[in-house]
Amino acid sequence: MTLDPKPDDRAVRLSEGSGRPNADAAPSAGSGLSTISRATYFKEAALQNLFLVCACVAVAGVALIFLFVGWRGWPIFAKVGLFNFLGGYVWHPTKGDFGILTLIVNSMLATLGALALGAPLAIGTAVFLSEVANPRIRDLVRPAVELLAGIPSVVYGFFGLVLLRPIIAKFSGGLGFGLFTVWIILAVMILPTIAAISEDALRSVPEGIREASYAMGATKWQTIWRVLLPAAKIGIIDAIILGMGRAIGETMAVVMVAGNAPVIPNGIFAPFLTLTTVIVMDMPYAAGDHRTALFGVAIILFVISMIFVATIRIISRFGKEVG
Amino acid sequence: MQSRERVNKTTTNRIALGVIWLAAIATVGALGTILLYVIVNGIGQLTPAFIFSWPHGVNMEGGIWPTIQATLYVTILAMLITTPVAVLAAVYLAEYAVQGRLVQIIRFAADSLASVPSIVMGLFGLAAFVEGMGMGFSVMAAALALAFLLLPIIMRTTEEAIRAVPKYIRWGSYGLGASKWQTVSRIVLPSATPRIITGVILAAGRAAGETAVVIYTMGTMINAPILPTQPGRTMPVHLLLLAQEGINLPAAFGTALLLVLMVLAFNLTARYIVSRNRRMLG
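In order, the protein sequence lines correspond to chains A and B.
Throughout the first sequence, residue numbering follows the numbering used here, covering 27 to 349 in sequence.
Throughout the second sequence, residue numbering follows the numbering used here, covering 5 to 286 in sequence.
Next up, the structure:
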């Protein structure tokens, strides 16, 4: 998955070099020098515009989400104020308290813990796939990583609920719902995202750099630690941010094992409620301002995910300038 | 001193590589544990009666057929809506686009769309299609919301597939006097088709396993939808509700296993297409 725009001058050169119509480069069909018929020119131009419209559906999608979710959620910002909504720590919608700070903190706790567990595992797996494994073993491990990405989140949640929760309940003495259980489940769920992108980043490090390191007498591990990981740093940071985005937006797996109490958990085995799970828990019965507030939470989630995407773009651009 | 350093260097190397092996083993182990657990507990459920009959009673005894039908229906409809748009959008980005502000905006939008949490997409579907356009809980509303979720995924895989087609094939086509569209439609897209199909199948697996989007756009009513205007309950939603209410655990295991098998089938099909194509190219 690449998030940075690749400069695509190939298409331009091709169309200019071959005298094919292109919105910018084609001579007007009426001029005597044209090598194509007017009909062909218009057909080509029409098709190009059709494709452009299709590409703009993505832009329209983002705009529509903002528009519709914003339309339903905006009144809550107007009513309680953005500052009170984001900064209030009491979430008690039936009594009119719409502070989501607790939920934001809980989402962060869940995400950071999952990252602390999942990222080293994922980066280790990426290093294994790109540097350590021989092709036969790689062909076994890589499909496993891809399959892990394909398992539906509700299956992860179910697995956590029926297998992991009783085990954790046994050694923690509680019910087994809570931060720790969520961390493990989320760590496994973000693993394939981080591993796949980190592996791409490691693979794109030129072979010559590895050879130079070995030639200086470095061991495999020294090459990985001192040369390859620093060289692939930008890609790995991108991978981790994308993993964070996945963890913070994950809903169904979390709702099944989090216990869903709207307080900051007082220990790693305590139940808690996040930005995503509050929507699932409250939506069936919410009405009026409560329902509006849930759409408000969705706006915040959308903004957070866009901030992550923008961060990745900025980091990638920065990396390109430095490199 | 020097020899000691040498020992340290090789020992460190061994230990570190061992840790990397452990990471890979843990990853495969996680997958193995999940698959094994679901298979062992669910395999006894997978009888024809379970797959092809309707659930009944407060405990949802019996089968899960309507949820299978609803899942397949909404997945296929979403794919039919999103695939043409996504493929043509990818054609634009890979073949026509000139680097500039507009392309940057499109790519940023596609990346943003790809990272929208599915619960947000669900509420969007609820606000836009179910309530805003008055579709009500329906297969159509769910398919439209899923289409937006899948659009950036198929766009990305298709664009990569198109970019993987060697340049000289295009030059040959232009050399014969073909126009841009002739080259794209008769030369580039056919060579990229296997990889495009692979991406589409993997996206279908994503759609079939999606919960948060469909629960707010199709509802939770058990129904075997015939028309796209009808509501329904998909397999992931069924599994969620069974697990949350703690009723009929065997049926939950059976549903989970069927879901996992569906994803496995999608994955293996995609893998098969890729490997067959690679062999053909030599």
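All C-beta atoms, glycine included, are put in the ideal place defined by N, C-alpha and C.
Small disclaimer: the values here were computed from a predicted structure and weren't measured.
Taking Cβ positions, are V107(B) and L97(B) nearer each other than 8 Å?
-> In this structure, V107(B) lies near L97(B), with their beta-carbon atoms less than 8 Å apart.
Is G87(A) helix, strand or coil when you go by DSSP?
-> helix
Outcome for E65(B) when other beta-carbon atoms lying within 10 angstroms are tallied against a minimum of 16 | exposed
Own chain, CB closer than 6 Å to T151(A), minus 5 neighbours either side, in chain order = A221
Pick helix, strand or coil for F295(A), following the three-state DSSP scheme.
-> Coil.
Name, please, each residue of chain A whose Cβ falls closer than 8 Å to the Cβ of M144(B).
-> In chain order: nothing, as chain A lies at least about 16 Å away.
Taking the alpha carbon of A279(A) as the point to measure from, which residue in T16(B), I123(B), G136(B) has its own alpha carbon closest?
-> I123(B)
Would you check if the distance between the CB atom of Q181(A) and the CB atom of V42(B) is smaller than 8 Å?
-> Inspection of the sequence shows that residue 181(A) is occupied by Val rather than by Gln. Yes.
In terms of residue numbering, what span does the alpha helix (DSSP H) encompassing W112(B) cover?
-> The identity of residue 112(B) in the sequence shown is Phe, whereas the question assumes Trp. Residues 105-119.
Answer yes or no: do A11(A) and A258(A) have a C-beta to C-beta separation smaller than 8 Å?
-> Limits of chain A in this structure are 27 at one end and 349 at the other, which puts residue 11(A) out of reach.
What does R98(A) reach in chain B if we use C-beta pairs closer than 8 Å?
-> L127, A131
For F124(A), the three-state DSSP class (helix, strand or coil) | strand
Taking Cβ-Cβ distances shorter than 8 Å, what residues in chain B pair up with A84(A)?
-> A93, I110, A113, A114, L117, L155, P156, M159
Rounded distance between the beta-carbons of T31(B) and L78(A), thought under 8 Å | So it is not a contact: roughly 41 Å between Cβ atoms.
Pairwise C-alpha distance: M332(A) and S116(B) = In this structure, the CA atom of S116(B) is about 6 Å from the CA atom of M332(A).
Which two residues bound the contiguous alpha helix (DSSP H) that contains I163(A)?
-> 161-176
Among P310(A), T207(A), I149(A), G275(A), which residue has its Cα nearest to the Cα of I250(A)?
-> I149(A)
Give a yes or no on whether the C-beta atoms belonging to M239(B) and I38(B) are separated by under 8 Å.
-> no
Length of the line joining the Cα atoms of R236(A) and V153(A) = 13 Å
Per DSSP, what kind of secondary structure is P59(B) in: helix, strand or coil?
-> Residue state, collapsed to three classes: strand.
Can you find at least 3 beta carbon pairs, one from the segment 301-317 of chain A and one from the segment 140-152 of chain B, that sit closer than 8 Å?
-> no
What's the C-alpha gap between A182(B) and V120(B)?
-> 40 Å
Please confirm whether V89(B) and I166(B) have their CB atoms less than 8 Å apart.
-> no
Buried or exposed for W185(B), please, with buried defined as at least 16 other CB atoms from any protein chain shown within 10 angstroms of its CB.
-> buried
Cut-off 8 Å between Cβ atoms - residues of its own chain near S179(A), not counting five sequence neighbours on either side = Within the same chain, S179(A) has close Cβ partners M215, E276, T277, M278, A279.
What's the C-alpha gap between K69(A) and L243(B)?
-> So the alpha carbons of these two residues sit roughly 50 Å apart.
Would you verify that the beta carbon of T137(A) is, or is not, closer than 8 Å to some beta carbon of chain B?
-> For T137(A), the nearest beta carbon of chain B is not closer than 8 Å to its own beta carbon.
Closest residue to M222(B) among F133(B), L268(B), T162(B) (Cα-Cα distance) | F133(B)
Shortest alpha-carbon distance to P297(A) belongs to which of V231(A), M282(A), P310(A)?
-> M282(A)
Three-state secondary structure (DSSP) at E276(A)?
-> coil
Using DSSP with H/G/I as helix, E/B as strand and the rest coil, what is G314(A)?
-> coil
Excluding the 5 residues preceding and the 5 following A196(B) in the sequence, name in chain order all residues of the same chain whose CB lies nearer than 6 Å to its CB.
-> A165, I166, V169
Since V204(B) and A146(B) are thought to touch, with beta carbons under 8 Å apart, how far apart are those beta carbons, to the nearest angstrom?
-> In fact, because the Cβ distance is near 18 Å, the residues do not count as touching under 8 Å.
Helix, strand or coil: how does DSSP classify E214(B) here?
-> coil
Are I72(B) and I47(B) closer than 8 Å when you measure CB to CB?
-> no
With a Cβ-Cβ cutoff of 8 Å, do A228(B) and A74(B) count as a contact?
-> yes
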